[in-house]
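For the sequence shown, the working numbering begins at 1 and goes up steadily by one.
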Amino acid sequence: MAGSNQFTVELGDEAETVGRVSPGSARSLLLTLLGEFVIRSSGPVWTATLLHVLEGVGIAEKAARQALMRAATAGWIESVRDGRRASWTLTERGRDLIAAGMLRVKSLAGEEWNGQWLILHLSLPETHRAMRVKAYRALSWLGFGNPSPALWVNPHVDRQAETKAVIADLGLSDVAFGFVGKSFDLGVSDVELTTRAWNLDAVSAHYRELATNFQKMRPRSDDAVLFAHVQLVNQLQRLPYVDPGLPDALLPAGWQGRHDGAKLGAIRQRWHDAAHERWTALTGTIPAR
Numbered sequence: 001m002a003g004s005n006q007f008t009v010e011l012g013d014e015a016e017t018v019g020r021v022s023p024g025s026a027r028s029l030l031l032t033l034l035g036e037f038v039i040r041s042s043g044p045v046w047t048a049t050l051l052h053v054l055e056g057v058g059i060a061e062k063a064a065r066q067a068l069m070r071a072a073t074a075g076w077i078e079s080v081r082d083g084r085r086a087s088w089t090l091t092e093r094g095r096d097l098i099a100a101g102m103l104r105v106k107s108l109a110g111e112e113w114n115g116q117w118l119i120l121h122l123s124l125p126e127t128h129r130a131m132r133v134k135a136y137r138a139l140s141w142l143g144f145g146n147p148s149p150a151l152w153v154n155p156h157v158d159r160q161a162e163t164k165a166v167i168a169d170l171g172l173s174d175v176a177f178g179f180v181g182k183s184f185d186l187g188v189s190d191v192e193l194t195t196r197a198w199n200l201d202a203v204s205a206h207y208r209e210l211a212t213n214f215q216k217m218r219p220r221s222d223d224a225v226l227f228a229h230v231q232l233v234n235q236l237q238r239l240p241y242v243d244p245g246l247p248d249a250l251l252p253a254g255w256q257g258r259h260d261g262a263k264l265g266a267i268r269q270r271w272h273d274a275a276h277e278r279w280t281a282l283t284g285t286i287p288a289r
């Protein structure tokens with residue numbers, strides 16, 4: 001399974017949707033801790049440290065422990081024992097998973113576009129609702145939009161291999177075909193196609209709500225800054241489900257989503273150092289539990 005597709009599958013039920021800003025689940029918040037902190041740690045991280053931070057962002061201990069066990073079963077992390085105490089380290093599979101997710105988030109900044117589209121035709125009956133939902137989530141993560149029934153378009157033509165992996169993993173190769181090409185002077189323009197494929201007003205509103213929510217936060221204590229930072233990074237990691245990362249050539253002039261995204265990036269930078277210092281202090285403390 002391709003890395004980015006695996007990240008999609010792992011987020012699964014926690015995938016964000018346009019118009020709905022929700023707190024992360026235990027699983028997605030654990031992924032945030034793994035990608036933001038554990039991957040940079042010089043050694044294993046205590047179970048108690050992970051539980052402390054997860055509880056600080058609203059995850060009950062039982063749910064947090066279940067998320068750890070499921071992550072271990074999935075092969076993202078492995079346990080290191082020290083007497084009765086346990087700590088965790090990332091596996092190679094876990095590192096690959098995190099790297100794929102980070103790459104997708106970075107792609108939201110926009111890029112130059114050569115005018116080519118990655119086009120996918122995928123025909124699924126209305127009766128296959130569960131599979132339609134899975135396909136929608138996976139294709140949205142890859143940056144596809146859906147301008148008309150069964151048709152998906154994506155300006156990120158470098159994602160052909162990932163698209164092929166998604167379709168194969170979902171068992172849909174027999175009902176799909178795709179190609180890469182440019183539009184020509186017939187019918188709707190590329191910009192009009194974009195407005196049909198994605199609801200950019202809703203994407204912008206999503207960014208605005210996130211920016212408004214996090215601008216209101218004024219964390220004071222060391223723990224409060226860490227918890228706020230984790231919540232923010234978690235929301236940023238889920239943005240590829242909402243924002244396809246369109247090139248500027250396809251966005252309305254002065255699109256507000258880009259500006260609010262920059263505000264979120266500035267808040268992240270403001271909290272970053274203090275959050276990481278607090279994490280380092282926590283990981284250096286031998287826990288009682």
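Think of the CB as a built atom: it goes at the ideal place given N, C-alpha and C, for glycine as much as any other residue.
If you're wondering where the values come from, they're calculated on a predicted model, not measured in any experiment.
{"Asked": "Status (buried if at least 16 other CB within 10 Å, exposed otherwise) for His-259", "Found": "exposed"}
{"Asked": "Any alpha helix (DSSP H) of 4 or more consecutive residues that is wholly inside the segment 160 to 217", "Found": "160 to 169, 190 to 197, 200 to 215"}
{"Asked": "Cα-Cα separation between Phe-179 and Lys-134, rounded to whole angstroms", "Found": "22 Å"}
{"Asked": "Limits of the unbroken alpha helix (DSSP H) element including Ser-148", "Found": "Here Ser-148 belongs to no alpha helix (DSSP H); instead the beta strand (DSSP E) covers 145 to 148."}
{"Asked": "Cβ pair count under 8 Å reaching 3, the segment 219 to 234 against the segment 159 to 175", "Found": "no"}
{"Asked": "One or two residues paired with Trp-76 in a DSSP bridge", "Found": "None, per the DSSP bridge assignment."}
{"Asked": "Selected residue, minimal CA-CA separation from Ala-165, among Arg-278, Thr-49, Leu-142", "Found": "Leu-142"}
{"Asked": "Identity of the residue in Asp-248, Arg-220, Gly-261, Glu-162 nearest Gln-291 by Cα", "Found": "As shown, the chain starts at 1 and ends at 289. That puts residue 291 outside it, with no answer to give."}
{"Asked": "Inter-residue Cα distance where the pair is Ser-25 and Glu-55", "Found": "12 Å"}
{"Asked": "His-272 to Ser-183 span [Cα, whole Å]", "Found": "43 Å"}
{"Asked": "Identity of the residues DSSP links to Ala-290 by a beta bridge", "Found": "Residue numbering for the chain in the displayed model covers 1 to 289; residue 290 lies beyond these limits and cannot be assessed."}
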